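There are 2 protein chains.
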Amino acid sequence: MARPRRYDYAELRVEVIRAARTLLQEGGPAALTARALSKAVGVTSGTIYGQFGDLRAVLLEVNRDTFNELTQMIEALPNDEPEPWLYALAEGYVEFMLSRHGVWQGLFEGPRVTEKFPDWYMETIHGLLARIAKPLAQIAPATDACARAEELFVAVHGGVALAAVGRLDMVSSRSANVLAREAVATMIGAISKTP
Amino acid sequence: MARPRRYDYAELRVEVIRAARTLLQEGGPAALTARALSKAVGVTSGTIYGQFGDLRAVLLEVNRDTFNELTQMIEALPNDEPEPWLYALAEGYVEFMLSRHGVWQGLFEGPRVTEKFPDWYMETIHGLLARIAKPLAQIAPATDACARAEELFVAVHGGVALAAVGRLDMVSSRSANVLAREAVATMIGAISKTP
DNA sequence: ATAGTTTCTGAACGTCGTTTAAAAACAGTG
DNA sequence: CACTGTTTTTAAACGACGTTCAGAAACTAT
Numbered sequence: 003m004a005r006p007r008r009y010d011y012a013e014l015r016v017e018v019i020r021a022a023r024t025l026l027q028e029g030g031p032a033a034l035t036a037r038a039l040s041k042a043v044g045v046t047s048g049t050i051y052g053q054f055g056d057l058r059a060v061l062l063e064v065n066r067d068t069f070n071e072l073t074q075m076i077e078a079l080p081n082d083e084p085e086p087w088l089y090a091l092a093e094g095y096v097e098f099m100l101s102r103h104g105v106w107q108g109l110f111e112g113p114r115v116t117e118k119f120p121d122w123y124m125e126t127i128h129g130l131l132a133r134i135a136k137p138l139a140q141i142a143p144a145t146d147a148c149a150r151a152e153e154l155f156v157a158v159h160g161g162v163a164l165a166a167v168g169r170l171d172m173v174s175s176r177s178a179n180v181l182a183r184e185a186v187a188t189m190i191g192a193i194s195k196t197p
Numbered sequence: 003m004a005r006p007r008r009y010d011y012a013e014l015r016v017e018v019i020r021a022a023r024t025l026l027q028e029g030g031p032a033a034l035t036a037r038a039l040s041k042a043v044g045v046t047s048g049t050i051y052g053q054f055g056d057l058r059a060v061l062l063e064v065n066r067d068t069f070n071e072l073t074q075m076i077e078a079l080p081n082d083e084p085e086p087w088l089y090a091l092a093e094g095y096v097e098f099m100l101s102r103h104g105v106w107q108g109l110f111e112g113p114r115v116t117e118k119f120p121d122w123y124m125e126t127i128h129g130l131l132a133r134i135a136k137p138l139a140q141i142a143p144a145t146d147a148c149a150r151a152e153e154l155f156v157a158v159h160g161g162v163a164l165a166a167v168g169r170l171d172m173v174s175s176r177s178a179n180v181l182a183r184e185a186v187a188t189m190i191g192a193i194s195k196t197p
């Protein structure tokens with residue numbers, strides 16, 4: 003009693019999200035257009051709007067996938083002593099983000115997409131912060147490890163942010179990776195040498 | 003032997019730049035459109051294109067002004083001991099950038115405007131880095147003050163970057179100002195306590 | 001007056017996100 | 001079989017964007 007749907011909506015969603023990610027990766031946020039996206043999946047833009055509402059929703063779904071991958075990557079880090087583990091995390095984070103720098107811009111650039119961040123958004127971030135805080139607490143039980151974790155994350159973010167938009171060379175000839183390692187070293191130095 | 007120009011080009015330029023800054027301030031990069039800009043100064047967009055070439059050039063001129071103001075603000079900081087001076091610089095920088103967060107996005111967001119940065123661009127940044135390095139060298143003559151200055155700037159930039167696009171609350175409940183102070187404290191702690 | 005020259009405008013081009021009227025494709029009913 | 005009802009999908013449209021450019025406008029020199 004109705005026109006049958008031509009596409010499996012579940013399949014369509016994953017295809018759209020995958021195509022969106024490819025476009026982001028290759029050309030940054032500017033390349034994620036409704037027309038390019040619909041052409042890439044062989045559907046008209048109207049169909050995508052029927053499924054996602056608008057383009058920001060597509061970007062949000064890409065970000066959800068990215069955050070899931072980030073969580074997985076962190077889980078997969080080899081168990082190690084606090085210090086080497088922290089370095090591995092910093093290095094992994096930088097490499098993860100810069101190998102997805104188009105996606106990164108979708109995550110951190112432009113006006114905020116939503117008034118309040120989705121739960122999975124905050125959970126991923128806080129999971130990451132907790133993973134940073136734990137080794138810091140082991141290294142220096144006296145400090146406020148959560149506060150230090152926030153500060154360390156922000157410091158690393160600074161380097162990644164500049165690198166992701168091609169502006170790190172404005173400030174330094176070193177790579178974001180090296181700067182992240184230095185940030186870890188500085189933090190460890192500061193908290194471990196307090197009598 | 004020619005149509006006389008209706009506008010003083012020098013005046014026109016400063017008016018366009020001022021209007022562009024207002025638009026940026028009030029609505030971020032998205033609000034800086036050729037039509038809004040030309041309406042604001044009472045000129046058609048063609049005239050602006052004749053003077054500036056394209057909108058990126060207008061943005062670049064706004065940035066030049068911003069950088070000049072930044073330099074002036076730094077020069078105006080009261081002379082002080084290395085440590086308090088560093089704190090004052092960090093605080094001043096954060097306040098400067100966040101009170102211009104629309105302009106900030108034009109400075110640091112989006113794909114790079116030019117292949118190579120203009121000279122005044124690099125001079126301002128390097129001037130700032132040198133101003134950071136000097137007190138660091140006084141505090142700990144043994145360290146590579148220039149390298150530490152880059153790292154400290156990047157760390158502060160991380161907080162400002164998140165705050166400027168309304169995403170700092172994703173990571174921390176503290177302000178960019180507080181995080182910047184902590185970054186300074188961490189750096190001083192790390193370099194001053196090396197035997 | 002007329003011709004020459006430069007300045008400025010306004011309309012146009014193609015692209016963007018998004019909306020929507022209509023076409024398409026079926027199941028149920030007579 | 002035709003017709004109706006319902007839902008899905010399309011294609012064209014809308015307004016706004018950056019940018020370009022033919023030509024109107026406004027003067028000087030002859």
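Protein chains in written order, with our numbering: chain A, 3 to 197; chain B, 3 to 197.
Every residue, glycine too, gets a C-beta built ideally from N, C-alpha and C.
Computed from a predicted structure; not experimentally measured.
query: Cβ shell of Asn65/B (< 8 Å), same chain only, five flanking positions each side left out; result: Val105, Gly108, Leu109 and Tyr123
query: The alpha helix (DSSP H) enclosing Arg66/B, as first and last residue numbers; result: Leu57 to Glu77
query: Residues in the region 139 to 165 of chain A having any Cβ partner in chain B nearer than 9 Å; result: Ala149, Arg150, Glu152, Glu153, Leu154, Phe155, Val156, Ala157, Val158, His159, Gly160, Gly161, Val162, Ala163 and Leu164
query: Supposed close pair Val115/B, Leu62/B - CB separation, criterion 8 Å; result: 6 Å
query: Nearest-angstrom beta carbon gap, Ile76/B and Leu130/B [assumed within contact, 8 Å]; result: 7 Å
query: Close Cβ partners of Leu72/A (< 7 Å) along its chain, the five nearest in sequence each way excluded; result: Phe98 and Thr126
query: Straight-line gap, Thr145/B to Ala187/A (C-alpha atoms, nearest Å); result: 14 Å
query: Helix, strand or coil at Leu34/B according to DSSP, with G and I counted as helix; result: coil
query: Three-state secondary structure assigned by DSSP to Ser174/A; result: coil
query: Inter-residue CB distance, Leu181/A and Glu83/B (contact presumed, cutoff 8 Å); result: Not quite, the Cβ-Cβ distance comes to about 28 Å (not below 8 Å), so this is no contact.
query: Residue-chain proximity (Thr188/A, chain B), Cβ-Cβ < 8 Å; result: yes
query: Contact set between Ile127/B and chain A, taken where Cβ atoms lie within less than 7 Å; result: Met172 and Val173
query: Nearest neighbour of Gly94/B, chosen from Gln74/B, Gly112/B and Ala21/B [CA to CA]; result: Gln74/B
query: Beta-carbon proximity of Leu34/A to Leu25/A, cut-off 8 Å; result: yes
query: Anticipated Cβ contact below 8 Å, Leu57/A with Ala36/A, distance rounded; result: 6 Å
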